[in-house]
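The block underneath contains the structure these notes are about, expressed in structure tokens.
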Amino acid sequence: MEQRLQFELENLEKNNLLRTRNILASPQDVEVIYNNKHYLSFTSNDYLGLANHPLLKQTCKTAIDQFGIGSGGSQLLGGHGIAHHALAEELAEFLGYERVLLFANGYMANLGVLTTLCDKNTLILLDHDNHASLIDGARFSNAHFERYQHQNTSDLTKRIRQTKAQNKLICSDGVFSMSGEIAPVAELAKIATEHNAWLMLDDAHGIGVLGKNGKGTLELLGISSKQVPILIGTFGKAFGTYGAFVAASKSIIEYLLQFCRTYIYTTALPQLLAEATRTSLKIIQQEPWRRKQLALLINYLQTKAKQFSLNLAPSNTPIQTLTVGDVLQAKKLATNLQQAGIMVGLIRPPTVAKNSSRLRISLSANHTIKHLDILLQNLAQLIYAKI
Ligand SMILES: *Cc1c(COP(=O)(O)O)cnc(C)c1O
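Just so you know, we're using the numbering used here here: the sequence shown kicks off at 2 and counts up by one.
Okay, here's the thing in structure tokens:
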């Protein structure tokens, strides 16, 4: 067995696909310390700049005195606290859903929802580029599943017309994590209604960031919660904390509470995290300047990238990508940027398709125009020097 594993690991290395970690020794922010060196960072999902916010830290300190550290048990066996309860109610109110259920993280939420709600008479239709946790949820369920072509509603319609499955669930990311594109939710909702299917949206990268009030992709596109019966959100991104939630009708949530194994058989989030997330939710509502700053940065980066003739994909979200194609080229570019003190995400297969390796530049409300200038100058220099 060891030999087989070793062989596969060596193969990864040969193909420039071996993943490595940098060791973070500072809070997550736009200026960070990795491997004992200072970097300007474009790698985190901390879009609103809350992961290291003084008010969140203060909330945690107070919550520790009130609640201690561990939650001590699963939600159904004593671990469900007043902070969890309040957070769930506040989220339901904010997003316009009847009820919200908290999960340990987004991976667990997606796995749980798909495996619990979809039986063997269900066909799950997934966008091809959905997050791995949605693909895995479909795989681990008893349902059949198909992946329709990315953002292609004709392909989706064709497949949904063909199926004889009794139940159908359409499932898409709200904002695609590897491209920053926004899903055509109005069209998905229309198809779902026409074919009597459920629609589930994973808005991990949208909530907090998109829409005037930060309610996410639905608010941005002017879509009511009625049209999207199941909404997933996570706290590890714009909220700057940790955890996740499902927003849905009373009966869907009650069903999950009774049957969802990734909800039932795991320890509840520490209450201090629920308290910190409540503070994030307040900041999301009270500080629209964070979204305005992001919009400004996105606009600046897109405009300047054109002037520098950089191959930046169009995106109105904080996820910006520079498509390189070849794995080795992408890796070289990321390594050279790192040597210049700049961290970006290096995205390679199997996360994205072969020959579509790319750099992912994640923007935060804590970035400044000056940060973007540094990034752009270095990128242009490296690309035109053909390193
Ligand atoms: C990050 C992410 C998840 C996973 O959430 P975690 O809380 O990090 O486990 C799920 N779906 C999407 C679209 C994501 O981007």
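We put the beta carbon where it would ideally sit given N, CA and C, even for glycine.
Beta carbon of residue i: closer than 7 angstroms to some heavy atom of ligand 1?
{"i": "A52", "result": "no"}
{"i": "H132", "result": "yes"}
{"i": "H206", "result": "yes"}
{"i": "D174", "result": "yes"}
{"i": "Y301", "result": "no"}
{"i": "T304", "result": "no"}
{"i": "T235", "result": "yes"}
{"i": "N106", "result": "yes"}
{"i": "H203", "result": "It should be noted that the sequence gives Asp, not His, for residue 203. For ligand 1, at least one heavy atom lies less than 7 angstroms from the Cβ of D203."}
{"i": "T142", "result": "One point to set straight first is that residue 142 is Ser, not Thr, in the sequence displayed. Not so, every heavy atom of ligand 1 lies at least 7 angstroms from the Cβ."}
{"i": "S178", "result": "yes"}
{"i": "A245", "result": "yes"}
{"i": "N111", "result": "yes"}
According to DSSP, is residue i helix, strand or coil?
{"i": "Q321", "result": "strand"}
{"i": "A245", "result": "strand"}
{"i": "T123", "result": "strand"}
{"i": "E147", "result": "strand"}
{"i": "A110", "result": "helix"}
{"i": "E99", "result": "coil"}
{"i": "C61", "result": "helix"}
{"i": "I388", "result": "At I388, the pLDDT of 47 sits below 50, so the modelled position is not reliable; the number obtained from the coordinates is stated separately. The answer is coil: DSSP assigns I388 none of H, G, I, E or B."}
{"i": "V176", "result": "strand"}
{"i": "F309", "result": "coil"}
{"i": "D47", "result": "coil"}
{"i": "E32", "result": "strand"}
{"i": "Y266", "result": "coil"}
{"i": "R20", "result": "coil"}
{"i": "G217", "result": "coil"}
{"i": "V210", "result": "coil"}
{"i": "E11", "result": "helix"}
{"i": "I224", "result": "coil"}
{"i": "H132", "result": "coil"}
{"i": "L41", "result": "strand"}
{"i": "F240", "result": "coil"}
{"i": "N300", "result": "helix"}
{"i": "D137", "result": "helix"}
Going by beta-carbon coordinates alone, are residue i and residue j separated by less than 8 angstroms?
{"i": "L6", "j": "R349", "result": "no"}
{"i": "H151", "j": "G175", "result": "no"}
{"i": "I208", "j": "A187", "result": "no"}
{"i": "W249", "j": "R20", "result": "One detail in the question is off: residue 249 reads as Ala in this sequence, not Trp. Result no, Cβ atoms of A249 and R20 do not sit closer than 8 angstroms."}
{"i": "V210", "j": "T369", "result": "no"}
{"i": "L103", "j": "L126", "result": "no"}
{"i": "A1", "j": "T63", "result": "Missing from the structure shown is residue 1; the chain here goes from 2 to 388 and no further."}
{"i": "Y35", "j": "I24", "result": "yes"}
{"i": "D204", "j": "G237", "result": "no"}
{"i": "S178", "j": "T242", "result": "no"}
{"i": "A269", "j": "G69", "result": "no"}
{"i": "S316", "j": "S45", "result": "no"}
{"i": "S72", "j": "N131", "result": "no"}
{"i": "A26", "j": "N37", "result": "yes"}
{"i": "L273", "j": "I83", "result": "no"}
{"i": "T123", "j": "K58", "result": "no"}
{"i": "T154", "j": "P185", "result": "yes"}
{"i": "I325", "j": "R359", "result": "At residue 325 the sequence reads Val, which differs from the Ile that was named. It is a contact, given that the beta carbons lie within the stated cut-off."}
{"i": "R291", "j": "L56", "result": "no"}
Got a sec, what are the start and stop residues for the beta strand (DSSP E) residue i sits in?
{"i": "H196", "result": "Where H196 is concerned, there is no enclosing beta strand (DSSP E), given that its DSSP letter is neither H nor E."}
{"i": "G346", "result": "343-348"}
{"i": "I70", "result": "No beta strand (DSSP E) contains I70, which DSSP labels as neither H nor E."}
{"i": "L257", "result": "Element bounds for L257: not the beta strand (DSSP E) but the alpha helix (DSSP H), 251-260."}
{"i": "I362", "result": "358-363"}
Over what stretch of residues does the alpha helix (DSSP H) that includes residue i continue unbroken?
{"i": "G234", "result": "Counting along the chain, G234 falls outside any alpha helix (DSSP H), though it belongs to the beta strand (DSSP E) covering 231-235."}
{"i": "K384", "result": "With the sequence shown as reference, residue 384 is identified as Ile, and Lys is not the correct amino acid for it. 370-385 is the span of the alpha helix (DSSP H), which, as asked, contains I384."}
{"i": "S281", "result": "272-287"}
{"i": "A354", "result": "It is not in any alpha helix (DSSP H) - A354 carries neither H nor E in the DSSP assignment."}
{"i": "I161", "result": "154-163"}
{"i": "A331", "result": "328-340"}
Are the C-beta atoms of residue i and some chain B residue less than 8 angstroms apart?
{"i": "T268", "result": "Absent from the structure: chain B. Only one protein chain is present."}
If you pair each beta-carbon of the region 112-124 with each one of the region 258-276, do three or more pairs fall below 8 angstroms? yes
Below 8 angstroms, can you find three or more Cβ-Cβ pairs linking the region 134-148 to the region 307-326? no
Quick test of the definition: if touching needs 3 or more C-beta pairs under 8 angstroms, does the region 299-307 touch the region 153-168? no
Between the region 188-204 and the region 212-230, do three or more beta carbon pairs fall short of 8 angstroms? Yes, the region 188-204 touches the region 212-230.
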